[in-house]
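Enquirer: As given, the protein sequences belong to chains A, B, C and D, one line each in that order. Under our numbering, the first residue of the first sequence is numbered 42, with each subsequent residue one higher. Under our numbering, the first residue of the second sequence is numbered 42, with each subsequent residue one higher. Under our numbering, the first residue of the third sequence is numbered 1181, with each subsequent residue one higher. Under our numbering, the first residue of the fourth sequence is numbered 1181, with each subsequent residue one higher. For every residue, glycine included, the Cβ atom is placed at its ideal position computed from N, Cα and C. Pasting a structure here, questions to come.
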Amino acid sequence: MKIITVKYFAMFREHAGIGEEVLSLDAVTAQDVFEQTRLRHGSAEPISHCKVAINDAMAEWNSTVSDGDTVLLFPPVAGG
Amino acid sequence: MKIITVKYFAMFREHAGIGEEVLSLDAVTAQDVFEQTRLRHGSAEPISHCKVAINDAMAEWNSTVSDGDTVLLFPPVAGG
Amino acid sequence: MFSVSDKAIAVAELREHMSAPAAGGFCVFEGWVRNENEGRSVERLEYEVYEPLAIKEGENVLAEAKQRFPYLQARCVHRAGILEIGDCAVWVGVAAAHREEAFKACRYIIDEIKTRLPIWKKEHYVDGDSGWVDCERCAAHGGGR
Amino acid sequence: MFSVSDKAIAVAELREHMSAPAAGGFCVFEGWVRNENEGRSVERLEYEVYEPLAIKEGENVLAEAKQRFPYLQARCVHRAGILEIGDCAVWVGVAAAHREEAFKACRYIIDEIKTRLPIWKKEHYVDGDSGWVDCERCAAHGGGR
């Protein structure tokens, strides 16, 4: 098990009802974190439309997460 | 012979040393006016790069000129 | 330079910073809050920006644009917070030797900014409802515009 | 609206006139006097404009752009007279529902303005020489840029 800080943004934050939480997860990749928190971020958005960052650097879904990492889950963006 | 007012612009005006003159010309088309005043507007620019207007309306080189018309001879443009 | 602002974008001041003696063309794009989206009347918008990464990615976009369409000066400012109809949500300015690069770099920057930066837009409708706007790229699959 | 100005173009004021509640994108192009052309150092420029026809053709260009890329507001102002390095020689602004039309209409307008209007540009070089600039279209045949 790894201690992971998960941050939710925009619709993910609203669905989770919280912006950030510290979880103990059995996760190897960023995708594992996404899937294990899916109920909390409660979105039907396919993972391909979403993005992820680890410790403030953009990452891939198959990037490895380590104990103590902060994982940022981004719903689809629409700036401008 | 027709009485034609010819107006020169930019480099044509500088070469002619005058902005406007009234000439008695044996001209049927705007192109005739261009050619008969070529020495005055003294440019090597091919006619295809130049433009003509008759009485403040853009015209074609084969447009007919009438007695009393004002013919405007435009060297190549480079606005903006 | 890419930045995020939670106050009105100072358009006139930004323009002053763009001058360069070798610049022959200057292209600006501004995104304005409009009163309608997908047939629904919009009252205001709310932008959520995750600044640390928005700035990193914004600077990446400006650098990529410079490589593709060499420019002399470029800036982009994106709003955060609540915006009303007509407000400027994003400003992109590019000064280049010729208009070709100015237009193309400006277009590249706004297109990438809109799809890559962690910035989310929530629309508040006149009927009291509200909703997060889907990404532009997803639009092709039937989502937002 | 197309107009010719023999004073500095009031950029900030022009922008104010472009607002429209349905506008989501606003694109501006400004042509600036640069310090160099074809390897020669430029000191200032002089624009000669034949106003009656420049205005007619300018309005035609704006109308054509609207048909091709429907926009909400568009304006273009071209300078006449003596301009110094950095001065704004031409301003084109287009507000449209989306950025696609705003960019395309703006580009169309500046491209046509530069080749169709009876406006001539004389460069005064640092070395004291001066010369009329060849048309852009002729550039392809070895003339000006």
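(1) Taking alanine 1234 of chain C as the reference, give the member of C:Val1213, C:Tyr1305, C:Ser1185, C:Gln1253 with the closest Cα.
(2) With DSSP run on the structure shown, which of helix, strand or coil describes leucine 1225 of chain D?
(3) Can you give, in chain order, each stretch of the beta strand (DSSP E) that sits fully within the region 1235-1306 of chain C and has at least 3 residues?
(4) Indicate whether the contact test is met: 3 or more Cβ pairs, each with one atom in the region 1296-1312 of chain C and one in the region 1193-1205 of chain D, closer than 8 Å.
(5) If you check the beta carbons only, do glutamate 1223 of chain D and histidine 1304 of chain D fall under 8 Å apart?
(6) Where does methionine 1181 of chain D sit, in a helix, a strand or coil, going by DSSP?
(7) Across the region 1182-1198 of chain C and the region 1238-1250 of chain D, are there enough close Cβ pairs to call them in contact, namely three or more that are closer than 8 Å?
(8) For serine 1310 of chain D, name the three-state secondary structure that DSSP assigns.
(9) Could you check the C-alpha separation between glycine 1273 of chain D and glutamate 1239 of chain C for me, to the nearest Å?
(10) Would tryptophan 1312 of chain D and methionine 52 of chain B be called neighbours here (beta carbons separated by less than 8 Å)?
(11) Kindly list the residues whose CB is nearer than 8 Å to the CB of threonine 70 of chain A, restricted to its own chain and excluding five residues on each side of it in sequence; keep chain order.
(12) Taking methionine 52 of chain A as part of the alpha helix (DSSP H), name the residues at either end of that continuous run.
(13) Is it right to say aspartate 73 of chain B is buried, meaning 16 or more other beta carbons lie within 10 angstroms of its own, or is it exposed?
(14) Quick one: which chain D residues come within Cβ less than 8 Å of tryptophan 1212 of chain C?
(15) Considering only the alpha carbon of each residue, which of B:Pro116, B:Leu80, B:Arg54, B:Ile45 lies closest to alanine 68 of chain B?
(16) Can you pull the chain C residues whose beta carbon is under 7 Å from the beta carbon of valine 63 of chain A, in chain order?
(17) If contacts are defined as beta-carbon pairs under 8 Å, then lysine 48 of chain B and glutamate 61 of chain B qualify, I think. What distance do you get, rounded to the angstrom?
(18) Using a Cβ-Cβ cut-off of less than 7 Å, give me the residues of the region 56-85 of chain A that come near chain C, in sequence order.
(19) Which partner residues of serine 65 of chain A appear in the DSSP bridge assignment?
Expert: According to the structure shown:
(1) The residue labelled residue 1234 of chain C in the question sits at position 54 within the third sequence. For the set C:Val1213, C:Tyr1305, C:Ser1185, C:Gln1253, the Cα lying nearest the Cα of alanine 1234 of chain C is the one of C:Ser1185.
(2) The count along the fourth sequence starts at 1 and reaches residue 1225 of chain D at position 45. Leucine 1225 of chain D falls in the strand class under three-state DSSP.
(3) Secondary structure within the region 1235-1306 of chain C: the beta strand (DSSP E) runs of 3 or more consecutive residues, fully enclosed, are 1253-1259, 1261-1264, 1268-1276, 1299-1305 (chain order).
(4) Fewer than three Cβ pairs drawn from the region 1296-1312 of chain C and the region 1193-1205 of chain D lie within less than 8 Å of each other, which leaves the two stretches out of contact.
(5) Taking the first residue of the fourth sequence as 1, we reach residue 1223 of chain D at position 43. Taking the first residue of the fourth sequence as 1, we reach residue 1304 of chain D at position 124. Going by C-beta atoms, glutamate 1223 of chain D is nearer than 8 Å to histidine 1304 of chain D.
(6) Here residue 1181 of chain D refers to the residue found at position 1 when the fourth sequence is read from its first residue. Residue state, collapsed to three classes: coil.
(7) Judged by Cβ distances under 8 Å, the region 1182-1198 of chain C makes no contact with the region 1238-1250 of chain D, as fewer than three pairs qualify.
(8) For the purposes of this step, residue 1310 of chain D is taken as the residue at position 130 of the fourth sequence. Three-state result, serine 1310 of chain D: strand.
(9) Here residue 1273 of chain D corresponds to residue number 93 of the fourth sequence, with the count starting at 1. Here residue 1239 of chain C corresponds to residue number 59 of the third sequence, with the count starting at 1. A straight-line Cα-Cα distance of about 26 Å links glycine 1273 of chain D and glutamate 1239 of chain C.
(10) Stepping through the fourth sequence from its first residue, residue 1312 of chain D is reached at position 132. Stepping through the second sequence from its first residue, residue 52 of chain B is reached at position 11. The Cβ-Cβ distance between tryptophan 1312 of chain D and methionine 52 of chain B falls below 8 Å.
(11) Within the first sequence, residue 70 of chain A is the residue found at index 29, counting from 1. Cβ within range, chain order: Trp102, Asn103, Ser104, Thr105, Val106.
(12) Here residue 52 of chain A refers to the residue found at position 11 of the first sequence. Segment 51-57, the alpha helix (DSSP H) holding methionine 52 of chain A.
(13) Taking the first residue of the second sequence as position 1, residue 73 of chain B is located at position 32. It is buried - the Cβ of aspartate 73 of chain B has at least 16 other Cβ atoms within 10 Å.
(14) One-based indexing of the third sequence puts residue 1212 of chain C at position 32. Ser1199, Ala1203, Gly1204, Gly1205, Phe1206, Ala1275, listed in chain order.
(15) As a position in the second sequence, residue 68 of chain B is number 27, starting the count at 1. The residue from B:Pro116, B:Leu80, B:Arg54, B:Ile45 with its alpha-carbon nearest to that of alanine 68 of chain B is B:Ile45.
(16) Residue mapping note: residue 63 of chain A aligns to position 22 of the first sequence, counting from 1. By Cβ distance, chain C contributes nothing, its closest Cβ being about 19 Å from valine 63 of chain A, past 7 Å.
(17) Residue 48 of chain B sits at position 7 when you count from the first residue of the second sequence. Residue 61 of chain B sits at position 20 when you count from the first residue of the second sequence. That belief holds up - the Cβ atoms of lysine 48 of chain B and glutamate 61 of chain B are roughly 5 Å apart, short of 8 Å.
(18) Cβ contacts with chain C: none found.
(19) Residue numbering aside, residue 65 of chain A sits at position 24 when the first sequence is read from its first letter. DSSP, once it has assigned bridges, lists A:Ile44 as partnering serine 65 of chain A.
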